[in-house]
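Asker: My structure is below; once you've seen it, I'll send some questions.
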Amino acid sequence: RETANNKDEL
Amino acid sequence: MNIFRLLGDLSHLLAIIVLLLKIWKTRSCAGISGKSQILFAIVYTSRYLDLVTTYISAYNTFMKLIFVVAAYATVYLMYIKFKATYDHNHDTFRMEFLVIPSLILALLINHELTVLEVLWTFSIYLESVAILPQLFLVSKTGEAESITSHYLFALGSYRGLYLLNWVYRYYAEDHYDLIAIVAGLVQTVLYCDFFYLYITKVLKGKKLQLPA
Numbered sequence: 011r012e013t014a015n016n017k018d019e020l
Numbered sequence: 004m005n006i007f008r009l010l011g012d013l014s015h016l017l018a019i020i021v022l023l024l025k026i027w028k029t030r031s032c033a034g035i036s037g038k039s040q041i042l043f044a045i046v047y048t049s050r051y052l053d054l055v056t057t058y059i060s061a062y063n064t065f066m067k068l069i070f071v072v073a074a075y076a077t078v079y080l081m082y083i084k085f086k087a088t089y090d091h092n093h094d095t096f097r098m099e100f101l102v103i104p105s106l107i108l109a110l111l112i113n114h115e116l117t118v119l120e121v122l123w124t125f126s127i128y129l130e131s132v133a134i135l136p137q138l139f140l141v142s143k144t145g146e147a148e149s150i151t152s153h154y155l156f157a158l159g160s161y162r163g164l165y166l167l168n169w170v171y172r173y174y175a176e177d178h179y180d181l182i183a184i185v186a187g188l189v190q191t192v193l194y195c196d197f198f199y200l201y202i203t204k205v206l207k208g209k210k211l212q213l214p215a
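For the protein sequence lines, the chains are A and B, in the order given. For the first sequence, this note's numbering assigns the number 11 to the initial residue and increments by one for each residue that follows. For the second sequence, this note's numbering assigns the number 4 to the initial residue and increments by one for each residue that follows.
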């Protein structure tokens, strides 16, 4: 899962 | 990156540019809710704090910067440069009714209880309802200029396209984020009434006017 630090969506 | 995601981002970018150009060219922000614009500035500030902690891609950094800068530029134009044209008599929605519940919900329902993650979650919740003051303003005055309607249509389409992106990612990449999906659904649903009016009136060359 993406965490706050690797979210690629805007 | 898939086509829905790209179209969503471009639609968002278009909305922001249309709004800034409208205000700049007409030297007026009549019909635009400053409350919604302040909320968007809060949304992007709290969501894009990761700009200083993590590098994802040039595209990611560029778009985030544009969204943050444009949000503040819009607020500046509305509250300082073209303050005299701001429709504050009609822009009466109380921002705290959206900010406080979003913050409480973000503290209760999040992926991880860390500052960055809670702020990200808060921004997702707040974004889903940040357009309410604008829709409230349109309903109060009973009409919207065509250019304002185009702005709202592009802005509403953006999260709708993200929904398609999430469906795609769920099947293609086995990736999903329930917080973003549910908030994105709420956000898109809020625009439905407006979408209906846009398609039935504005696209046929008429002004967006609410039935009396």
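Glycine residues also receive a C-beta, built at the ideal position from the N, C-alpha and C atoms. None of the values given here were measured: they were computed from a predicted structure.
Just verifying my parser: in three-state terms, what is the DSSP assignment at leucine 80(B)?
Answerer: Here leucine 80(B) sits in helix by DSSP.
Asker: Could you pull the start and end residues of the alpha helix (DSSP H) that isoleucine 26(B) belongs to?
Answerer: Segment 6-29, the alpha helix (DSSP H) holding isoleucine 26(B).
Asker: Whole angstroms are fine: how far does the CA of valine 71(B) sit from the CA of lysine 143(B)?
Answerer: Looking at the two C-alpha atoms, the distance is approximately 28 Å.
Asker: 8 Å is my cut-off, CB to CB: does isoleucine 134(B) come that close to chain D?
Answerer: Absent here is chain D; the protein component of the structure consists of chains A and B.
Asker: If we ignore side chains and look at the alpha-carbon of each, how far apart do threonine 57(B) and phenylalanine 198(B) end up?
Answerer: Threonine 57(B) and phenylalanine 198(B): Cα-Cα distance of roughly 36 Å.
Asker: So is valine 118(B) buried or exposed if we call it buried at 16+ other beta carbons inside 10 Å?
Answerer: With fewer than 16 other Cβ atoms within 10 Å, it is exposed.
Asker: At the level of alpha carbons, what is the spacing between leucine 111(B) and glutamate 120(B)?
Answerer: Taking the straight line joining both Cα atoms gives about 12 Å.
Asker: In this structure, how does DSSP classify alanine 133(B) when only helix, strand and coil are distinguished?
Answerer: Residue state, collapsed to three classes: coil.
Asker: Between asparagine 63(B) and chain A, is any beta-carbon pair separated by less than 8 Å?
Answerer: It does; some Cβ of chain A falls within 8 Å.
Asker: Bridge partners of tyrosine 211(B), per DSSP?
Answerer: The sequence shown places leucine at residue 211(B), rather than the tyrosine named in the question. Partner(s): Ala147(B).
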